[in-house]
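J.: First residue of the sequence shown: 50, per the working numbering; consecutive thereafter.
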Amino acid sequence: MNCVKCNDKGTLAGLDVTKVYCKNCFIKMVKQKFSSAIGKHRFYKVFPKNVLRNLIIFFLWDGARKETLIVYDGNAASAFLLSLINENLKADTHKKAHLIPTIMVLLTVTDSKSLNSVIDRINHFKKIIDCRWIFCHIASLFRPITIFNEDDCSVFGEDSVMKWKELLDSCSSESIRIEFLRMCRILLCIRVADCLGIDKVMLADSSDFVVNCTLSSLAFGRGPAVHNTANIVDKSFTGISIIRPLRDISNKEIALLNRFEKNDELLIILNNDVGKNSLQSCTDDFVQDLCRQVIFRSNFLSVFRFCYGCSAVLKGVKNVEMLDEIFCSVIHSTNCTLVLKMGRAVVGDRPELYSLRFSSSS
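#1: Give the secondary structure of Ser-290 by DSSP, where H, G and I count as helix, E and B as strand, and everything else as coil.
#2: Can you tell which of Ser-330, Asp-334, Thr-278 and Asp-313 has its C-alpha closest to the C-alpha of Arg-170?
#3: Can you say whether Leu-64 is buried or exposed, counting buried as having 16 or more other CB atoms within 10 angstroms of its CB?
#4: Decide if Cys-238 is buried, meaning its Cβ has at least 16 other Cβ atoms within 10 Å, or exposed.
#5: Distance check for Ser-222 and Val-53, CA to CA, integer angstroms please.
#6: Determine whether the beta carbon atoms of Phe-129 and Ile-303 lie at a separation below 7 Å.
#7: Using 8 Å for Cβ pairs, my map puts Leu-316 next to Ala-188. What's the rounded Cβ distance?
#8: Grouping DSSP H, G and I as helix and E and B as strand, with all else coil, what is Asp-283?
#9: Tell me Glu-302's beta-bridge partners as DSSP assigns them.
#10: Pull the bridge partners of Thr-159 from the DSSP assignment, please.
#11: Any idea which residues DSSP pairs Arg-226 with across the strands?
#12: Do you know how far the Cα of Lys-82 is from the Cα of Asn-73?
#13: Would you call the CB atoms of Ile-152 and Ile-194 closer than 7 Å?
#14: Taking all protein chains shown into account, do 16 or more other C-beta atoms lie within 10 angstroms of the C-beta of Ile-318, making it buried, or fewer, making it exposed?
#15: Beta-carbon within less than 7 Å of Val-167's beta-carbon, same chain only, minus the 5 sequence neighbours each way: which residues are those?
#16: Is it right to say Gly-270 is buried, meaning 16 or more other beta carbons lie within 10 angstroms of its own, or is it exposed?
#17: Give me, in chain order, the residues of the same chain whose beta-carbon lies closer than 8 Å to that of Val-282; leave out the 5 immediate sequence neighbours on both sides.
#18: List the endpoints of the continuous beta strand (DSSP E) containing Glu-116.
#19: Comparing alpha-carbon positions, which option in Leu-267, Ile-183 and Val-79 lies nearest Leu-245?
#20: Determine the extent of the alpha helix (DSSP H) in which Cys-185 is found, giving its start and end residues.
#21: Restricting to Cα atoms, I'd like to know which of Met-50, Leu-295 and Asp-333 is closest to Ile-87.
#22: Since Val-259 and Ser-266 are thought to touch, with beta carbons under 8 Å apart, how far apart are those beta carbons, to the nearest angstrom?
#23: Among the residues of its own chain, which have a CB less than 7 Å from the CB of Ser-255, if the five just before and after it don't count?
#24: Using the beta-carbon count (16 or more within 10 Å), is Asn-137 buried or exposed?
#25: Identify the continuous alpha helix (DSSP H) that holds Glu-78 and give its terminal residues.
#26: Does DSSP put Val-204 in a helix, a strand or coil?
#27: Using DSSP with H/G/I as helix, E/B as strand and the rest coil, what is Lys-58?
#28: Report the three-state DSSP secondary structure of Asn-312 (helix, strand or coil).
#29: Bridge partners for Asn-51 per DSSP, in chain order?
#30: At the level of alpha carbons, what is the spacing between Phe-174 and Phe-309?
#31: For Cys-233, collect the residues of the same chain with a Cβ closer than 7 Å to its Cβ; drop the 5 residues on either side in sequence, then sort them by chain order.
#32: From the DSSP output, which residues share a beta bridge with Ile-152?
#33: Measuring alpha carbon to alpha carbon, tell me which of Thr-263, Lys-212 and Leu-305 ends up nearest Asn-280.
#34: Just to check my reading of the structure: Leu-133 and Lys-80 have Cβ atoms closer than 8 Å, yes? What is that Cβ distance to the nearest angstrom?
#35: Express the C-alpha separation of Phe-205 and Asp-218 in angstroms, rounding to a whole number.
#36: Let me check understanding here. Comparing Cα to Cα, which of Cys-220, Leu-306, Ser-330 and Lys-311 lies closest to Leu-61?
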């Protein structure tokens, strides 16, 4: 089968398995998703040199400000995002997004040996990207966010790591611990951006990650707010926008491009496995099982489209059966019972929905 973009042999496929690409076209296709996510929402639009016009735009439109907080946490998606940012900074003027990056290394490890190992690893490659770097531990939430010391690699919030560890240990279940960690991650990014006077936060959330978070949020009963988790742009925080430019790029595509472009030096392997006895692990297993059926891979975007209309749909939902019908049209699988349970979690705030048991027979 030939590549859909040229006459070379097609050997690679992305989310849409009906389209195959050669290596070069595959790389271009994946990178185009990133460029499209940035360009479509006009985050970094360049305007003609008209002083009065630019002043009006600066005060009325958030796309006039270029400073962006790039969140790096060491995983494959973060490494890929850094490579794209670095490539953008070196691109020609007419091809680049005119952003001014500040890279925040977000650390979550709690033992000093792993913490020092991560810092040493980052020091080896951070000079590759010529921009401002700051190190921040998630335990910074225990203290006010103040000025960061950029002259050394000191980790802001390192002195509160033990408090953070005690807090995580006090969580009553693995599901709560993981969800709490995810929400704290977002909150810390917002606080740091606010401290630095930056109005854009860029996260390396892949399509797999976003789908997992979306379905988990439904199971937690957060239907009305699930569209914020799934959108490329989340403006639910006053004055600060969260951007997910990798939302339409899968983990598979990211892994392939990291290998093709030798981004391994930007990758830090951490033991961040999701607990086996958690809602999130069940969701992840569920999504991965659907992906193995091939047909579901191209339906990731269907989940996102469902989330877009989620709030509007909820206004007209009168009963669970109506929502079941809507949700079932999004995903067809042998595990549809599980999907419907997640869909039902959107309606109402019922305690029994928080203790869902994930089995297709229940």
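Using N, Cα and C, we set each Cβ at its ideal position, and we do this for glycine too.
T.: Taking the structure as given:
#1: For the purposes of this step, residue 290 is taken as the residue at position 241 of the sequence shown. If DSSP states are grouped into helix, strand and coil, Ser-290 belongs with the strands.
#2: If you number the sequence shown from 1, residue 170 lands on position 121. Looking at the Cα atoms, Asp-313 is the closest of the given residues.
#3: In the sequence shown, counting from the first residue as 1, residue 64 sits at position 15. Leu-64 comes out buried.
#4: Indexing the sequence shown from 1 puts residue 238 at position 189. Buried, by the Cβ-count rule.
#5: Translated into positions along the sequence shown, residue 53 becomes position 4. Translated into positions along the sequence shown, residue 222 becomes position 173. Distance between the alpha carbons of Val-53 and Ser-222: 48 Å.
#6: Against the sequence shown, residue 129 aligns to sequence position 80. Against the sequence shown, residue 303 aligns to sequence position 254. A contact, by the Cβ cut-off of 7 Å.
#7: Translated into the one-based positions of the sequence shown, residue 316 becomes position 267. Translated into the one-based positions of the sequence shown, residue 188 becomes position 139. No, Leu-316 and Ala-188 are not in contact; Cβ-Cβ is about 24 Å, not under 8 Å.
#8: Your numbering for residue 283 matches position 234 in the sequence shown. Asp-283: strand per DSSP, three-state reduction.
#9: Looking up residue 302 in the sequence shown gives position 253. Bridge partners of Glu-302: none, in fact.
#10: Walking along the sequence shown from the start, residue 159 turns up at place 110. Thr-159 pairs with nothing; no bridge assigned.
#11: Taking the sequence shown and counting its residues from 1, one reaches residue 226 at position 177. Bridge partners of Arg-226: none, in fact.
#12: Position 24 of the sequence shown, counted from the first residue, corresponds to residue 73. Position 33 of the sequence shown, counted from the first residue, corresponds to residue 82. Taking the straight line from one Cα to the other gives about 15 Å.
#13: Translated into positions along the sequence shown, residue 152 becomes position 103. Translated into positions along the sequence shown, residue 194 becomes position 145. Going by C-beta atoms, Ile-152 is not nearer than 7 Å to Ile-194.
#14: The residue you call residue 318 lines up with position 269 of the sequence shown. Ile-318 comes out exposed.
#15: As a working note, residue 167 is residue 118 in the sequence shown. These residues qualify, in order along the chain: Gly-123, Leu-156, Val-158 and Ile-317.
#16: For this step, residue 270 is matched to residue 221 along the sequence shown. That one is buried.
#17: Indexing the sequence shown from 1 puts residue 282 at position 233. Hits under 8 Å: His-90, Ser-290, Ile-291, Ile-292 and Arg-293.
#18: In the sequence shown, counting from the first residue as 1, residue 116 sits at position 67. Start and end: 116-121.
#19: Start at 1 with the first residue of the sequence shown, and residue 245 comes out as number 196. For Leu-245, the nearest C-alpha among the options comes from Ile-183.
#20: The sequence position of residue 185 within the sequence shown is 136, counting from 1. Note, Cys-185: premise wrong, no alpha helix (DSSP H); beta strand (DSSP E) at 181-186.
#21: Numbered from 1 along the sequence shown, position 38 holds the residue referred to as residue 87. The shortest C-alpha separation from Ile-87 is found at Leu-295.
#22: Residue 259 sits at position 210 when you count from the first residue of the sequence shown. Residue 266 sits at position 217 when you count from the first residue of the sequence shown. About 10 Å separates the two Cβ atoms, so there is no contact after all.
#23: The residue given as residue 255 occupies position 206 in the sequence shown. Correct list, in chain order: Ala-126, Leu-295, Ile-298, Ser-299, Asn-300 and Ile-303.
#24: Your numbering for residue 137 matches position 88 in the sequence shown. Classified as buried, Asn-137 has 16 or more neighbouring CB atoms from the shown chains inside 10 Å of its CB.
#25: Numbered from 1 along the sequence shown, position 29 holds the residue referred to as residue 78. Going by the sequence as given, residue 78 is Met instead of Glu. That run of the alpha helix (DSSP H) goes 72-89.
#26: In the sequence shown, counting from the first residue as 1, residue 204 sits at position 155. Val-204 falls in the coil class under three-state DSSP.
#27: In the sequence shown, residue 58 corresponds to position 9, counting from 1. Strand, per DSSP.
#28: Here residue 312 corresponds to residue number 263 of the sequence shown, with the count starting at 1. Three-state DSSP puts Asn-312 in coil, outside helix and strand.
#29: As a working mapping, residue 51 is identified with position 2 in the sequence shown. In DSSP, Asn-51 forms a bridge with Lys-58.
#30: For the purposes of this step, residue 174 is taken as the residue at position 125 of the sequence shown. For the purposes of this step, residue 309 is taken as the residue at position 260 of the sequence shown. Taking the straight line joining both Cα atoms gives about 18 Å.
#31: Here residue 233 is taken as the residue at index 184 of the sequence shown, counted from 1. Cβ contact annotation for Cys-233 (same chain, cutoff 7 Å, sequence separation greater than five): Ile-187 and Leu-190, in chain order.
#32: Here the question's residue 152 lines up with position 103 in the sequence shown. As DSSP reads the structure, Ile-152 sits in a beta bridge with Ile-119 and Trp-182.
#33: Here residue 280 refers to the residue found at position 231 when the sequence shown is read from its first residue. With distances taken between Cα atoms, Asn-280 lies closest to Thr-263.
#34: Your numbering for residue 133 matches position 84 in the sequence shown. Your numbering for residue 80 matches position 31 in the sequence shown. With a Cβ gap of about 7 Å, Leu-133 and Lys-80 count as contacting.
#35: Mapped onto the sequence shown, residue 218 falls at position 169. Mapped onto the sequence shown, residue 205 falls at position 156. Going by the C-alpha atoms only, they are around 22 Å apart.
#36: As a first step, residue 61 must be located in the sequence shown, where it is residue number 12. Checking every option, the nearest Cα to that of Leu-61 belongs to Leu-306.
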